[in-house]
Amino acid sequence: GEWETFSEKTSAIDNLLANEANSLSTGFSDFFASVQTAADDPTNLSSRQLVLAEGEALLRRMSSLSDFMEAKEEELNLEFNSMVSHANSLIESIGNLNKAILVAKGNFKDSEPSALLNERDKAINDLAEIMDITVRESKNANGSLLINLASGESLVLEDGSFNLFELSENADFMQKQLELATNFSGSKPNTDINIAEEDLGGALGGLFRYRDEVLGPSQRDIGQMAVAFADAVNSQNRLGMDMDFQLGGDIFTLPELSGLPYSNTPPTLALSGQFTPGKGNELTDADIRVSVTNVTGAGVPSEVSVELLNGDGTPKLDENNQPVVFSNITLNAGYTEIPGGIEIEFQSAGGYSVGNQFLVQPVKYSASDITMATTRPEDLAFASPVRSDAGSNNLGDATVVNTQVYDTDVTTSFFDGAGGLDAGAPAQIRFTAADSYEVLDSSGTVLSTVTGATDLNNLLAQAGGGLDGSYDISLEGIPAAGDTFSISYNTNGSFDNQNALELASLKQASLVQLSTNSSSEPRTLHESYSTLVSRVGEESASAGIALQAAESMKVQSTEWFDSVSGVSLDEEAANLVRYQQSYAAAARILSTAQELFNTILSSVR
368 GEWETFSEKT SAIDNLLANE ANSLSTGFSD FFASVQTAAD DPTNLSSRQL
418 VLAEGEALLR RMSSLSDFME AKEEELNLEF NSMVSHANSL IESIGNLNKA
468 ILVAKGNFKD SEPSALLNER DKAINDLAEI MDITVRESKN ANGSLLINLA
518 SGESLVLEDG SFNLFELSEN ADFMQKQLEL ATNFSGSKPN TDINIAEEDL
568 GGALGGLFRY RDEVLGPSQR DIGQMAVAFA DAVNSQNRLG MDMDFQLGGD
618 IFTLPELSGL PYSNTPPTLA LSGQFTPGKG NELTDADIRV SVTNVTGAGV
668 PSEVSVELLN GDGTPKLDEN NQPVVFSNIT LNAGYTEIPG GIEIEFQSAG
718 GYSVGNQFLV QPVKYSASDI TMATTRPEDL AFASPVRSDA GSNNLGDATV
768 VNTQVYDTDV TTSFFDGAGG LDAGAPAQIR FTAADSYEVL DSSGTVLSTV
818 TGATDLNNLL AQAGGGLDGS YDISLEGIPA AGDTFSISYN TNGSFDNQNA
868 LELASLKQAS LVQLSTNSSS EPRTLHESYS TLVSRVGEES ASAGIALQAA
918 ESMKVQSTEW FDSVSGVSLD EEAANLVRYQ QSYAAAARIL STAQELFNTI
968 LSSVR
């Protein structure tokens, strides 16, 4: 039945996630521990190599979990096909048996076609194991039985006709949907009816429940964590400087995304996607439906709407229980960033129409497809690309406590990409009073002036004008008029470990978005995996309890049925003994009568 199937399947995922050998929490801990060790000696190549090795080992754990679940998804679809085929065979058999029973009763009105009735009862019981059904006798009292789903849809009709199930899919070929194909006679048109799988019950309902409540969400949670981790490490490494004194690059390569066309969209049209760098913490576990809402004269999309979906295709809901939809998104040339941490681009030159739709699944399989972008330990950007120094002639006691880097992209930042800063970049802070200062570039030009500062945190942000777009500096203490603090590219700063410490701190960072609710707070990687393991464990435990209750009810129902209409072996044995004794007594009476009759005949002779 439903709970037996659901419990068995869920237990397999529960055991997988709870196994220490597969634990992503262990993998995260090992990776960040290796980063912390390397930060203690940033020039040690062996320590750096260990970081890459732990990163690769973590990717293998992620891929192993994702591959296992993908295999379970394929296995599940085979079970869907087999079980639906068996259900259809039973439905057809029940319909044909209804007809045969009608014929038999018409030909032999004084006797019941017991063999046919027993065969039909068995088919009905077998069907009831697959799904919840209701059975009613025909109003005509002709021996026919009407079979319906518990939700009301007809399976076997009074005249012996029947409706059969079909499995369909839309966009995602792995996401099977159950439909009932009607088989009306006469002029009434036939149609396909969507079945509410959550109300199906039986073993088939258990499979759908397992897919929608356990397997699908677990797949996406693993993928979401994997992308959030890889993107966070990449983003932080890009904010550092490597052992070659160059700006850092990516450590991991994230997969490309493809849009799957819905049935209303020609399969020749294409949509591609990619993860937006630095936006991994905006990803959710949602699938995304992209709908074309406007096109140019050449049939090129110019505007789209975006809807976030659950794995089963139903809408994601916000904190007000409303579908999460983003409308009127204008498309740019090339990739356009959309909500959810990804970017999309329509690949075809034209031919799109309003109403075309594509399904993008950013995280479903991503954990299997993340790879290492480098094998060089020198590429780990452990140093900060900028350094801040107090002037040698300063009179105050202010000191630099933090130099924060925000952006190293050569197209948007003050970094020139050639081991230096742009000519107009902030290069010096010069105090004119304890609470007032000027920001100057490398040529001595004053870029901004600040008076009446209440604290010495983020001095460039306080100066305004976008001067903090790439980096910033914070001091503590009290500066004196004339004190200066220089900001420069960290040339030859291989012993610096500031960015390595930032990388290690990602272990405590909130990187994984909890849900599509705008009010939700992101979680750490460890919290996310712990939540996943706990949720699946609770599902497994609840399924076990529900299974025990269902088995108890089944035993009670069977005993009640047997007491009413079943056969008691003890009772039948007693009846046989009694019948045997009656037969023996009757035989003795007949024997005595025969002897008397023979005696009378003899006397007459």
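Numbering (this note's numbering), first residue to last: 368 to 972.
Just so you know, even glycine gets a beta-carbon here, dropped at the ideal spot from N, CA and C.
Query: Report buried or exposed for residue 850, applying the criterion of at least 16 other Cβ atoms within 10 angstroms of its Cβ.; Result: buried
Query: Kindly give me the distance between the Cβ atoms of residue 725 and residue 632, rounded to whole angstroms, as I take these residues to be in contact under 8 Å.; Result: 7 Å
Query: Going by Cα to Cα distance, which pick from 661, 701, 730 is closest to residue 622?; Result: 730
Query: Between which two residues does the beta strand (DSSP E) containing residue 856 stretch?; Result: 851 to 856
Query: Under the rule that 16 or more other beta-carbon atoms within 10 Å means buried, what is residue 912, buried or exposed?; Result: exposed
Query: Measuring only the C-alpha atoms, how far is residue 649 from residue 588?; Result: 14 Å
Query: Using the Cα positions of residue 376 and residue 734, report the straight-line distance between them to the nearest angstrom.; Result: 21 Å
Query: Evaluate residue 345 with the Cβ neighbour count: other Cβ atoms within 10 Å of its Cβ, from every protein chain shown; 16 or more gives buried, anything less gives exposed.; Result: A query on residue 345 cannot be resolved here, the shown segment of the chain reaching from 368 to 972 and no further.
Query: Which partner residues of residue 614 appear in the DSSP bridge assignment?; Result: 608
Query: Keeping to the same chain, check which residues put their C-beta closer than 8 Å to that of residue 836; ignore five residues upstream and five downstream.; Result: 773, 774, 779, 780, 781
Query: Between which two residues does the alpha helix (DSSP H) containing residue 459 stretch?; Result: 412 to 474
Query: Looking at the structure shown, is residue 389 part of a helix, part of a strand, or coil, going by DSSP?; Result: helix
Query: What does the alpha-carbon distance come out to for the pair residue 586 and residue 877?; Result: 20 Å
Query: According to DSSP, simplified to helix, strand and coil, what is residue 633?; Result: coil
Query: Quick check: what's the CA-CA separation for residue 762 versus residue 393?; Result: 50 Å
Query: Can at least three beta-carbon pairs, one atom from the stretch 598 to 605 and one from the stretch 663 to 670, be found at a separation below 8 Å?; Result: no
Query: Which of helix, strand or coil does DSSP assign to residue 972?; Result: Because the pLDDT at residue 972 is just 49, under 50, the model does not fix this residue reliably, and the point stays unresolved.
Query: Where residue 424 and residue 406 are concerned, what is the direct C-alpha to C-alpha distance, given to the nearest angstrom?; Result: 20 Å
Query: From residue 421 to residue 742, what distance separates their C-alpha atoms?; Result: 12 Å
Query: Using a 10 Å radius around the Cβ and a threshold of 16 neighbouring Cβ atoms, would you call residue 482 buried or exposed?; Result: exposed
Query: Just grab the DSSP bridge partners of residue 335 for me.; Result: Absent from the structure is residue 335, since the part of the chain shown begins at 368 and ends at 972.
Query: Does DSSP classify residue 790 as helix, strand or coil?; Result: coil
Query: Could you pull out every residue in the same chain whose Cβ sits closer than 6 Å to the Cβ of residue 465, ignoring the five residues on either side in sequence?; Result: 511, 527
Query: Jot down the residue ranges of each uninterrupted beta strand (DSSP E) in the stretch 820 to 908, minimum 3 residues, whole runs only, in chain order.; Result: 838 to 843, 851 to 856
Query: Pair every Cβ in the stretch 827 to 842 with every Cβ in the stretch 851 to 863, then say whether three or more of these pairs are closer than 8 Å.; Result: yes
Query: In angstroms, rounded to a whole number, what distance separates the CA positions of residue 448 and residue 410?; Result: 58 Å
Query: What's the call for residue 369, buried or exposed, on a 16-neighbour Cβ count within 10 Å?; Result: buried
Query: For the stretch 769 to 815, which segments carrying the beta strand (DSSP E) assignment without a break, of at least 3 residues, lie completely within its bounds, in sequence order?; Result: 795 to 800, 803 to 807
Query: Write down the C-beta distance between residue 659 and residue 723 rounded to the nearest angstrom, noting that I regard them as a contact closer than 8 Å.; Result: 4 Å
Query: Name, in chain order, the residues that DSSP records as bridge partners for residue 697.; Result: 670
Query: Roughly how many whole angstroms lie between the Cα atoms of residue 470 and residue 497?; Result: 29 Å
Query: Do the CB positions of residue 845 and residue 764 come within less than 9 Å of each other?; Result: yes
Query: According to DSSP, is residue 602 part of a helix, a strand, or is it coil?; Result: helix
Query: Would residue 547 and residue 562 be called neighbours here (beta carbons separated by less than 9 Å)?; Result: yes
Query: Quick check on DSSP: helix, strand or coil for residue 592?; Result: helix
Query: So for residue 754, helix, strand or coil by DSSP?; Result: strand
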